[in-house]
Ligand SMILES: C[S@@+](CC[C@H](N)C(=O)[O-])C[C@H]1O[C@@H](n2cnc3c(N)ncnc32)[C@H](O)[C@@H]1O
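Residue numbers (this note's numbering): 91 to 365.
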């Protein structure tokens with residue numbers, strides 16, 4: 091059965107959705123049989139998919155925590171935010187800085203329904219159903235305008251979303267749009283499938299393209315070039331698990347240094363600042 095949302099977009103449980111497959115990999119319950127089937131293909135052909143998803147979320151959480159505690163930025167736009175999960179951007183930011191405001195944006199209608207229910211009680215958050223490839227529509231949306239003051243620095247979050255934008259859809263142009271419409275002192279967080287030029291990434295790219303018609307693994311240099319005109323902060327664009335690792339739970343646990351698994355190397359993260 092196809093369910094219509096208030097906005098008239100449809101949720102079709104017979105077709106897989108990126109948001110729901112990702113939810114399944116993270117151990118969530120907001121997915122259908124068709125999503126679990128694709129999730130299982132990923133787990134079989136790319137057994138580290140779950141590790142990639144968790145390494146990504148952990149880096150995102152650390153980056154939001156850093157922005158909230160070490161900068162004065164109190165407004166966040168989370169593009170391709172996904173279904174609500176354990177620690178969402180507004181929860182992390184508001185834990186450190188309760189006045190933080192967050193606009194969530196996702197193309198998946200299910201995100202809108204769940205997000206609205208979750209955020210009903212929180213007047214410092216909004217959830218929009220919009221396409222990241224149309225940044226102007228997002229920036230000028232009444233909910234965005236109501237919550238975000240574009241005269242003040244903003245944190246723009248591209249967490250595990252730009253690899254769902256194919257080259258011909260100009261991912262660099264999307265980042266450039268936001269760069270040009272936020273003030274100096276704004277932050278950009280990016281996490282992105284990281285090409286290892288190995289059979290694992292080639293296979294994963296094939297599964298994603300066949301299933302969703304999108305999914306691009308990029309090298310660190312290609313990911314860094316998406317942040318053109320921004321100052322990429324330490325330690326650069328690196329495997330997500332190495333991005334400012336947590337001293338207690340990070341790979342350097344117990345003072346030891348360990349090799350990252352091949353899977354942990356397949357997702358990169360970076361934080362940049364508009365000079
Ligand atoms: C892998 S999930 C990432 C979720 C979250 N940002 C994170 O890092 O945990 C990718 C999300 O991007 C959304 N998405 C894909 N293409 C999109 C588009 N063109 N516009 C907006 N959202 C999109 C999907 O619906 C999905 O929820």
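All residues carry an ideal CB built from backbone N, CA and C; glycine is no exception. Please read all numbers here as calculations on a predicted model, not as lab measurements.
Query	Result
Assumed close pair residue 65, residue 282 - CB separation to whole angstroms, cut-off 8 Å	Past the boundaries of the shown model lies residue 65; the chain is included only from 91 to 365, so the question cannot be answered.
Residue 170 - DSSP class collapsed to helix/strand/coil	coil
Bridge partner(s) assigned by DSSP for residue 181	Answer is none; residue 181 lacks a bridge partner.
Straight-line Cα distance separating residue 194 from residue 167	6 Å
Pairwise C-alpha distance: residue 330 and residue 148	8 Å
Cα-Cα separation between residue 344 and residue 336, rounded to whole angstroms	Since pLDDT at residue 344 reaches only 46, below the 50 mark, its modelled position is unreliable, and the value read off the structure follows with that caveat. When rounded, the distance between both Cα atoms is 11 Å.
Enclosing beta strand (DSSP E) for residue 216 [first to last residue]	215-219
Where the beta strand (DSSP E) through residue 122 begins and ends	Careful: residue 122 lies outside any beta strand (DSSP E) and carries neither H nor E.
Backbone secondary structure at residue 210 - three-state DSSP	coil
Residue 144, enclosing alpha helix (DSSP H) - first and last residue	139-160
Residues near residue 122 in its chain [Cβ-Cβ closer than 6 Å; skip 5 each side]	103
Which of helix, strand or coil DSSP assigns to residue 453	Outside the displayed range of the chain (91 to 365) lies residue 453, so it cannot be described from this structure.
Straight-line gap, residue 163 to residue 209 (C-alpha atoms, nearest Å)	21 Å
Inter-residue Cα distance where the pair is residue 133 and residue 249	21 Å
Bridge-paired residues (DSSP) for residue 360	280
Option in 109, 151, 116 with minimal Cα separation from residue 138	116
Inter-residue spacing [alpha-carbon to alpha-carbon] between residue 256 and residue 226	19 Å
Bounding residues of the beta strand (DSSP E) (the contiguous stretch that carries residue 245)	245-249
Residue environment, residue 300, which counts as buried when at least 16 other CB atoms sit within 10 Å	exposed
Straight-line Cα distance separating residue 305 from residue 254	5 Å
Per-residue burial, residue 160 [other beta carbons within 10 Å of its own, 16 or more giving buried]	exposed
Any non-hydrogen atom of ligand 1 within 7 Å of residue 231 CB	no
For residue 358, the nearest candidate out of 328, 135, 157, 197 (CA to CA)	328
Residue 98 - DSSP class collapsed to helix/strand/coil	Its pLDDT being 49, under 50, residue 98 is placed unreliably in this model, and the value from its coordinates should be taken loosely. In this structure, residue 98 counts as coil in the three-state DSSP scheme.
Sub-8 Å separation of residue 313 and residue 263 beta-carbons	no
Length of the line joining the Cα atoms of residue 321 and residue 307	23 Å
Proximity winner among 120, 143, 152, 273, relative to residue 333 (alpha-carbon distances)	152
For residue 371: DSSP bridge partner residues	This structure does not reach residue 371, given that the chain is present from 91 up to 365, and the question cannot be answered.
Reduced DSSP secondary structure (H/G/I, E/B, other) of residue 66	Because the chain is modelled from 91 through 365, residue 66 falls outside the range shown and cannot be assessed.
Span of the alpha helix (DSSP H) around residue 108	108-115
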